[in-house]
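Student:
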Amino acid sequence: MHSVGICGSDVHFWTEGVVGPFVVKAPMVLGHEGSGTVSELGEGVTHLKVGDRVAMEPGVPCRYCTACKGGRYNLCKDVKFCATPPTDGSLCRYYVHAADLCFKLPDNVSYEEGALLEPLSVAVHACRRSEVTIGSKVLICGAGPIGLVCLQVAKAMGAAQVVITDIDAKRLEFARHQMGADVTVLVTSRDGREVADQVVQVLGCNPDVTIECSGAETSIHAGIYATEPGGVLMIVGLGRPMATIPLLDAALKEVDIRGNLRYANDYPTALAMIASGQVNVKPLVSHRYSLEQALEAFEFAKKGEGIKVMIHCDKTKAL
Amino acid sequence: MGDTNISAVLLEKGNLKLEERPIPKPGKNEVQIAMHSVGICGSDVHYWVHGAIGDFVVRAPMILGHEASGTVSEVGEGVTHLKVGDRVAIEPGVPCRFCDYCKGGRYNLCHEMQFCATPPVDGSLARYYVHAADFCYKLPDHVSYEEGALLEPLSVGVHACRRAGVTIGSKVLVCGAGPIGLVCLLVAKAMGAAQVAITDIDTKRLEVAKQMGADFPVHVTTRDGREVADQVVRTLGCNPDVTVECSGAEPSVQTGIFATKSGGVLVLVGLGPPTINIPIVNAAVREVDIRGIFRYANCYPTALSMVASGQVNVKPLVTHRFSLEQTLEAFEASKKGEGIKVMIHCDKNKA
């Protein structure tokens, strides 16, 4: 293994021992945003060879069920997902994975970019399911790592304007100057309608698509109120299990509410976007640690400062 | 003409009266219709009882009625596809035709929509009414006036099932066996749904649903949405691909989310309280899409074909009939919630 990014879910399993229905009942290796170098091949593997630098798509589905055969393998009930109990993750020196879910990195793509394909794929899946396209006006709620990759993918898909909201002005500055946000909105109110009005005012119109990356109930409300009739509200951020929302408003203007579970058939796209320079995810890595410093890395990630914490697992600690 | 134009006017909340109105003349691209059959919808009753639905408030007298059919009695300038004597069903909402929604085909979302019996626009519960000719559909001889009036709720069913993606082999859950649940059931079956389960708190309604083709009537006796979802899945033998929620009740919407299979669709037809509590993370992480419905667009012709071909039989939905003069009685009957669809006959002959 070379580079493994820390995700909010890794931190959550560490601090709470549970994410939704998944409970840590036995020791489990963490990490699922990983890349490394092929060090040995199993029988039957022909598309990779020892020495190949690869990014790993962490979820291995069963391949036999209806969801798998239908192309929506992210919904496979028996998926083995790195660092989702009880499946071990890849935050270690050596790890074994299904070869077809390992994607060879071109020379111009770094290990860190390879690791970032994971959150980038979440964004690809979300933007695809939201039907962001050329000319779209997009609202992204939340300028954390996921909001930022969604911003980049939306722009890459041809969105005409992307407005991004957050309660943190520093995150918004980063979104604007480093990630290409057209407009930013600093959220200071807990009133969804107020926030929606703010968004519509700065954007100059209602967004066609809202991608909600914070999980906050107020933000979901804002998404419903702001989105254009006939548009889409994409729920990426996961908050509390039950939410009280103005569903009637959404229903009467046919604003569809869609969710996401990870990604499917999105890694190759994410890789192509990075390899071609269409998106630049390098600025997202704000902090680096060695594998020996994993605990420090997690403590830092838990604080919520910075954007993406990367752990380097190779013995030489090369970038 | 020497005729009168008795009209059922909602003067203000709680005050529904028959009044004489001038007989309207058709303008360019319009037709005048001698009204025949007008069904009463829950929204008509709601305006009568509460004086408002959401932001639509009755601020001036308004003629009720939007589920209608009649006979063309005069043709305005420029109308070529209809002639006097043609029996027509009336699609009640006339959009602006110029905005982006209209040009994009989703005219139901037009901000300037003029919809019968949605304030401040008059409805068609009268002897004579004028409407945009292109929103009047000629009924074949074998389709009755009542069936013509029923094209309105049937179109809601068509729009709902289309947006739900119901198709051949679909396992469908319909929540609520009122008139809308029943038309959704009919449309789902016509679209090739393999199995349709339908829920309701009322066993009499479930019996009707069964007669109309429901494979699995499910009697709801709890307010626990998850329990009902489990009941549905047990009865159906699997999770439905699509849920069409027609009741608007919070526990029922929750059932729709819990029951629908991962990657499936929950369509919201029933209108309930402004805010509701839902298991949103469950829907999100299983990619159960939630789609709302606002009336219909480009569905009337489909609804008409289905009725004309015999693909669906909506006749059993009409359980009560009244004359225009008995409008108040008709509304009282509808308000009580007995029966399914109350029909008002507006023609003088009461045929």
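Chains as they are written, first to last, in UniProt numbering: chain A, 1 to 319; chain B, 1 to 351.
Glycine is no exception: its CB is placed at the ideal position from the N, C-alpha and C atoms.
(1) Who are the neighbours of residue 250(A) on chain B, taking C-beta pairs under 7 angstroms?
(2) Mind checking residue 259(B): buried by the 16 CB within 10 Å criterion, or exposed?
(3) Residue 313(A) to residue 181(A), Cα distance in whole Å?
(4) Using a Cβ-Cβ distance cut-off of 8 angstroms, determine whether residue 258(A) contacts chain B.
(5) Is there a C-beta anywhere in chain B that falls below 8 angstroms from the one on residue 44(A)?
(6) Can you give me the Cβ contacts of residue 164(B) inside the same chain, cut-off strictly under 6 angstroms, excluding the 5 residues immediately before and after it?
(7) Per DSSP, which residues does residue 105(A) bridge with? Please list them.
(8) In terms of residues, what are the limits of the beta strand (DSSP E) holding residue 273(A)?
(9) Assess contact between the region 108–120 of chain A and the region 213–222 of chain A, defined as three or more Cβ pairs (one per stretch) separated by less than 8 angstroms. Is contact present?
(10) Please identify, using Cβ separations under 8 angstroms, the residues of the region 267–292 of chain B that lie next to chain A, in order along the chain.
(11) Given that residue 72(A) touches chain B, what residues does it touch there, using C-beta distances under 7 angstroms?
(12) Hey, is the region 277–292 of chain B in contact with the region 258–268 of chain A, meaning 3+ C-beta pairs nearer than 8 angstroms?
(13) List, in order along the chain, the chain B residues whose C-beta lies closer than 9 angstroms to that of residue 245(A)?
(14) With distances taken between CB atoms, is the gap from residue 120(A) to residue 281(A) smaller than 8 angstroms?
(15) Residue ranges of each beta strand (DSSP E) run of no fewer than 3 residues wholly in the region 113–152 of chain B, ordered along the chain?
(16) Looking at residue 76(A): is its Cβ nearer than 8 angstroms to the Cβ of residue 67(A)?
(17) When DSSP labels each residue in this structure, what does residue 43(A) get in the three-state scheme?
(18) Along the region 215–231 of chain B, what residues have a CB closer than 7 angstroms to any CB found in chain A?
(19) Counting only the same chain and skipping the five closest in sequence on each side, list residues whose C-beta sits under 6 angstroms from that of residue 249(A).
(20) If you compare alpha carbons, which of 60(A), 52(A) and 26(A) is closest to residue 98(A)?
(21) For residue 89(B) and residue 69(B), which I take to be in contact (beta-carbon distance under 8 angstroms), what is that distance rounded to the nearest angstrom?
(22) What residues of chain B sit near residue 67(A), judged by a beta carbon separation below 8 angstroms?
(23) Let me see if you follow: with CB-CB separation under 8 angstroms, is residue 203(A) close to chain B or not?
(24) Quick check on the DSSP output: the alpha helix (DSSP H) that includes residue 352(B) runs from which residue to which?
(25) Taking DSSP as the reference, what is the three-state secondary structure of residue 271(B)?
(26) Tell me which residue opens and which closes the beta strand (DSSP E) that residue 107(B) is part of.
(27) So who's on the other strand from residue 222(B), going by DSSP bridges?
(28) Mapping DSSP to helix, strand and coil, what is residue 55(A)?
(29) Under 8 angstroms by Cβ, that's how I've got residue 24(B) and residue 128(B) pegged, so tell me the actual separation to the nearest angstrom.
(30) The beta strand (DSSP E) that contains residue 176(A), what's its start and end?
(31) Following the continuous alpha helix (DSSP H) through residue 291(B), name the residue where it begins and the one where it ends.
(32) Are residue 236(A) and residue 211(A) close, meaning C-beta to C-beta below 8 angstroms?
(33) Identify, in the order they occur along the chain, each residue of the same chain with its Cβ nearer than 6 angstroms to the Cβ of residue 187(B), setting aside the five sequence neighbours on each side.
(34) Please work out which residues of its chain come closer than 6 angstroms, Cβ to Cβ, to residue 154(A), disregarding the five sequence neighbours upstream and downstream, and give them in chain order.
(35) Are the C-beta atoms of residue 106(B) and some chain A residue less than 8 angstroms apart?
(36) So, at 6 angstroms on beta carbons, what are the nonlocal neighbours of residue 289(B) in its own chain, with the 5 sequence-adjacent residues on each side left out?
Tutor: Answer, in terms of the structure:
(1) 292
(2) buried
(3) 33 angstroms
(4) yes
(5) no
(6) 242, 244, 265 and 267
(7) Beta-bridge pairing links residue 105(A) to no other residue.
(8) No beta strand (DSSP E) holds residue 273(A); the alpha helix (DSSP H) holding it covers 267–275.
(9) no
(10) 268, 271, 272, 273, 274, 275, 276, 277, 278, 279, 280, 281, 282, 283, 284, 285, 286, 287, 288, 289, 290, 291 and 292
(11) 263
(12) yes
(13) 275, 276, 277, 278 and 280
(14) yes
(15) 128–132 and 136–138
(16) yes
(17) coil
(18) none
(19) 224
(20) 60(A)
(21) 5 angstroms
(22) 262 and 263
(23) no
(24) No statement about residue 352(B) is possible, as the shown extent of chain B runs from 1 to 351 and does not include it.
(25) coil
(26) Counting along the chain, residue 107(B) falls outside any beta strand (DSSP E), and DSSP gives it neither H nor E.
(27) BP columns for residue 222(B) are empty, so no partner.
(28) strand
(29) 6 angstroms
(30) No beta strand (DSSP E) contains residue 176(A), which is instead part of the alpha helix (DSSP H) from 169–179.
(31) Where residue 291(B) is concerned, there is no enclosing alpha helix (DSSP H), although the beta strand (DSSP E) it sits in stretches over 289–292.
(32) yes
(33) 157, 158 and 161
(34) 127, 132, 138 and 162
(35) yes
(36) 265
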